[in-house]
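Enquirer:
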Amino acid sequence: MDDLAEAVWGAAPPASARMTLQNYVKRLRQALADADHGRISTEPDGYRIDADAGELDVTRFGTLLKRAREAARCEQWGDAAAILREALSLRRGRPLADVPSELLLLQHEPWIAEMYAQALETRIDADLYLGRHREVITELRQFTAAHPLREHPHGMLMLALYCDGRPAEALAAYQNARRALIGELGIEPGPDLRHLHQRILRADPGLAPCPRPAPAGPATSAGNARPSQRDVRLMPVPRQLPASGMHFVGRTAELALLRGLLDPAGRAPARTPAPCPTIGTRLLVAIVGTAGAGKTALALHFAHLAADQYPDGQLYVNLRGFDPLGEPLRITAAMRALLDALLPPGQIPAGLEAQAGLYRSVLAGRRMLIMLDNAASAAQVRPLLPGGGACLAVVTSRRQLTALAAGYGARTLVLDAFTNADSHEFLASRLGHAHLAAEPAAARELVAACARLPLALSIAAARAAARPGFPLAMLAAELRDPRRRLDALDGGEAAASVRDVLSWSYRQLSPPAARMFCLLGVHPGPDITVLAAAGLAGVRLDQAGRALGELTDACLLTEHTPGRYAFHHLLRAYATEQAGRRPLPAGGSCGAPG
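First residue of the sequence shown: -17, per our numbering; consecutive thereafter.
Below, the structure is given as structure tokens:
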């Protein structure tokens, strides 16, 4: 309901918004003859409308674009061109032109426009492969005028003019492209466009008449292939993924879900590509969860498994959203880091907007994996996402990142603690099965004391491994006392201390949420309702709801059943510790992070 109200009225909906929306939905059901609510169903806090396959033009467009890309990848150019003509015929002017909602336009118009531009570019590309250079010249002039910073259409126009016996106009088209790039971005054309320019200057016989290009893949001979966006290699292929953990265990269900996103049939990523692999569409995955749950470890393991499906490279940036230094990585620094891996320094313009546009242009048409680790918020992630194409973006965060799911279709995986079985397997991978089998009761107590949290188990295992002659029961006894547990789970540095890692989330809370967090630490029950939390904190029901919502969004609290909130006992120990640092004044915080 909140999303609908914001879409209809903007940031300041009227007090009667909920009732008005209900009336609107009623009228919409009448217009759709939906008397039995089979088309528009009522959900717990909103509505759901079901559309059959092919019923929405934008969905049909995406399906046709995917089919056309598959055909083009298999060099079935006639099929690709025909499919794309069908897709492009679905457009009727500007998307949402008669919908007076600034929010919807901001959310949907850019990616729909980008998808249309990619389809048009690919269809013209297919026509050039079919030798229809004369038919596309006028269309390419219009396209390059509307998109002066996209280099590939400029190259297609140059090639079409040259193949039509108009080399002077082809050279003039290059100069137009160069002026646009220098004037808008302050950079020279890329190497593919410059190379085509040189071939036209020397009247390369490989360009006239237009040759059949080699299949997309490894670089082809300069004498018998025209430039293609699929062949661009501006820099060495980036392989930036950090090493995956040596002792990765468990997470079977989570990995199956992630693999299923890449391949709905559930097949594991292939090590050798199929003869005509599916290009696919952009995929955005957000792995979220509490501190120490192993989000980065899972994301890296999955990224390495999927890397072969993204042969154009893998990029990695630590966004430092929750970091001991306290300051998340600035978007400008993150964007520069990504572009540095893709382009020579002289081709990177100044200014975030120009860099973001160039970044999306470079990724267009490529199969790349981008891992954005430790994000502070959806706002930090948005400018770093690919604009379309066949890229996979994997984001990790301690926040829920609901805005990415709502606005960008992110598939969200909420990562919980290990299962008991995975916890024991994790300890066994570090200490050996024989060590655990010798003290099964101590091993079970150790798992319970660590709340099955991967970080805590890792620290406990490291301590046990450092003292091979000591029984596990001794370490379990140290962890038995809740007042000493966080001291025992301190590996000697910030990233290996449960207390420090939790503090990076705690210190980003608002004062009311921080105070509620501390109070929950001294609350005796295993969980709590909003009503009880309001009574505990002495605040209004809506204030308690906002505080609990902020804690849930920060993954410091879990709504394990509707309306009931709880956290694991390591978070409880940390909250209790913070509560004891000073008295809890009404509306105030319970002290600086420990």
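Beta carbons are placed, not taken as given, at the ideal position from N, Cα and C, and that holds for glycine.
(1) Consult DSSP for His417 and reduce its assignment to one of helix, strand or coil.
(2) On a Cα-Cα basis, can you pick out the residue from His19, Ser379 and Ser(-2) that is closest to Asn300?
(3) Out of Trp59, Glu236, Leu439 and Asp(-15), point me to the one whose CA is closest to Glu84's CA.
(4) In whole angstroms, what is the alpha-carbon distance linking Arg489 and Glu91?
(5) Considering only residues of the same chain and omitting the five flanking positions on each side of Asp294, which have a CB-CB separation below 8 Å?
(6) Can you say whether Arg0 is buried or exposed, counting buried as having 16 or more other CB atoms within 10 angstroms of its CB?
(7) Near Val504, which residues of its chain fall below 7 Å by C-beta distance, leaving aside the five closest residues on each side in sequence?
(8) Alpha carbon to alpha carbon, how far is Leu3 from Asp213? Give it in angstroms, no decimals.
(9) CA-CA distance, Gly75 and Pro130?
(10) Which of the three DSSP states is assigned to Gly137 in this structure?
(11) State the Cα-Cα distance for the pair Leu167 and Asp34, rounded to the nearest angstrom.
(12) Near Leu102, what residues of its chain come up, given a Cβ to Cβ distance below 7 Å and the 5 sequence neighbours on each side ignored?
(13) Evaluate contact between the segment 319 to 331 and the segment 276 to 286, counting only Cβ atoms and requiring at least three cross-stretch pairs below 8 Å.
(14) Mind reading off the beta-carbon distance from Ile441 to Gly473? Whole number of angstroms is fine, and I expect it under 8 Å.
(15) Quick one: any contact between the segment 526 to 544 and the segment 463 to 473, if contact means 3 or more CB pairs under 8 Å?
(16) Whole angstroms are fine: how far does the CA of Phe499 sit from the CA of Tyr292?
(17) Is it buried or exposed, Gly137, if we count other Cβ atoms within 10 angstroms and call 16 or more buried?
(18) Just how far apart, CA to CA, sit Phe400 and Ala410?
(19) CA-CA distance, Leu539 and Val118?
(20) When we look at the beta-carbon of Pro255 and count the other beta-carbons within 10 Å, is it buried (16 or more) or exposed?
(21) Which of the three DSSP states, helix, strand or coil, is assigned to Glu68?
(22) Provide the residue span of the beta strand (DSSP E) that contains Glu170, from first to last.
(23) For Ala447, I'd like the list of residues in its chain whose CB is within less than 7 Å of its CB, leaving aside the five on either flank, ordered along the chain.
(24) Using three-state DSSP, classify Asp27 as helix, strand or coil.
(25) Here's the rule: buried if 16 or more other CB atoms are within 10 angstroms of the residue's CB, otherwise exposed. What is Arg381?
(26) Measure the Cβ-Cβ separation of Val376 and Phe284 and say whether it is below 8 Å.
(27) Could you tell me how far apart the beta carbons of Ala346 and Gln100 are, in whole angstroms, since I believe they sit closer than 8 Å?
(28) In its own chain, which residues sit with a C-beta less than 6 Å from the C-beta of Ser226, not counting the 5 before and 5 after it?
(29) Would Gly271 be called buried (16 or more neighbouring beta carbons within 10 Å of its own) or exposed?
(30) When you compare only the Cα positions, how much space is there between Ala316 and Pro171?
(31) How many Å lie between Ala455 and Gly303 at the Cα?
(32) Quick check on the DSSP output: what are the complete alpha helix (DSSP H) runs of length 4 or more inside the segment 429 to 516, in order along the chain?
(33) Might you give, ordered along the chain, the residues of its own chain that have their beta carbon closer than 8 Å to the beta carbon of Pro200, omitting 5 neighbours on each side?
(34) Is it buried or exposed, Phe549, if we count other Cβ atoms within 10 angstroms and call 16 or more buried?
(35) Assuming Ala(-6) is part of the beta strand (DSSP E), what are its boundary residues?
(36) Following the continuous beta strand (DSSP E) through Glu541, name the residue where it begins and the one where it ends.
Expert: Taking the structure as given:
(1) Under the three-state reduction of DSSP, His417 is assigned to helix.
(2) Ser379 is the residue among His19, Ser379 and Ser(-2) whose C-alpha sits nearest the C-alpha of Asn300.
(3) Glu84 has its Cα closest to that of Asp(-15), out of Trp59, Glu236, Leu439 and Asp(-15).
(4) So the alpha carbons of these two residues sit roughly 37 Å apart.
(5) Annotation for Asp294: Val219, Arg348, Arg349 and Met350 place their beta carbon closer than 8 Å to its own, counting only its chain and skipping 5 residues before and after.
(6) With fewer than 16 other Cβ atoms within 10 Å, it is exposed.
(7) Excluding residues within five positions, the ones whose Cβ falls inside 7 Å are Thr558 and Ala561.
(8) With a pLDDT of 37 at Asp213, under the threshold of 50, the modelled position of this residue cannot be trusted; read the value that follows with caution. Approximately 50 Å between the Cα atoms of the pair.
(9) Cα-Cα distance, rounded: 20 Å.
(10) In the displayed model, Gly137 falls within a helix according to three-state DSSP.
(11) For Leu167 and Asp34, the gap between their C-alpha atoms comes out near 44 Å.
(12) Residues Leu70 and Phe125 of the same chain have their beta carbon placed closer than 7 Å to that of Leu102, with the five preceding and five following residues left out of the count.
(13) No, the segment 319 to 331 is not in contact with the segment 276 to 286.
(14) The beta-carbon separation of Ile441 and Gly473, rounded to 5 Å, stays under the 8 Å limit for a contact.
(15) Touching, no.
(16) When rounded, the distance between both Cα atoms is 42 Å.
(17) Classification of Gly137: buried, given that the 10 Å Cβ count is 16 or more.
(18) Taking C-alpha positions only, Phe400 is separated from Ala410 by approximately 14 Å.
(19) The alpha-carbon atoms of Leu539 and Val118 are separated by roughly 58 Å.
(20) For Pro255, the predicted structure reports a pLDDT of 37, less than 50, and the residue's modelled location is therefore unreliable. A value from the coordinates is still provided. Residue environment: Pro255 is assigned as exposed (fewer than 16 neighbouring CB atoms within 10 Å of its CB, all protein chains considered).
(21) DSSP places Glu68 in helix when its eight states are reduced to three.
(22) Looking at the DSSP string, Glu170 is not in any beta strand (DSSP E), and its letter there is neither H nor E.
(23) Listed in chain order, the non-local C-beta contacts of Ala447 below 7 Å within the same chain comprise Arg412 and Leu413, local neighbours out to five positions each way being set aside.
(24) Reduced to three states, the DSSP call for Asp27 is coil.
(25) Under this definition Arg381 is a buried residue.
(26) In this structure, Phe284 lies closer than 8 Å to Val376 by Cβ.
(27) With a Cβ gap of about 6 Å, Ala346 and Gln100 count as contacting.
(28) Cβ neighbours of Ser226 beyond the five flanking positions: Leu282, His283 and His286.
(29) The residue is buried, with at least 16 neighbouring Cβ atoms inside 10 Å.
(30) It is roughly 24 Å from the alpha-carbon of Ala316 to the alpha-carbon of Pro171.
(31) Taking the straight line from one Cα to the other gives about 37 Å.
(32) 436 to 448, 454 to 462, 464 to 470, 480 to 488 and 493 to 504, all fully within the segment 429 to 516.
(33) Confidence at Pro200 is low in this model, with a pLDDT of 33, below 50, so its placement is unreliable and the value that follows should be read with caution. Cβ within range, chain order: n/a, list empty.
(34) Burial check for Phe549: the Cβ neighbour count within 10 Å reaches 16 or more, so the residue is buried.
(35) Per DSSP, Ala(-6) is not a residue of any beta strand (DSSP E), being assigned neither H nor E.
(36) In this chain, the beta strand (DSSP E) harbouring Glu541 covers Thr540 to Thr543.
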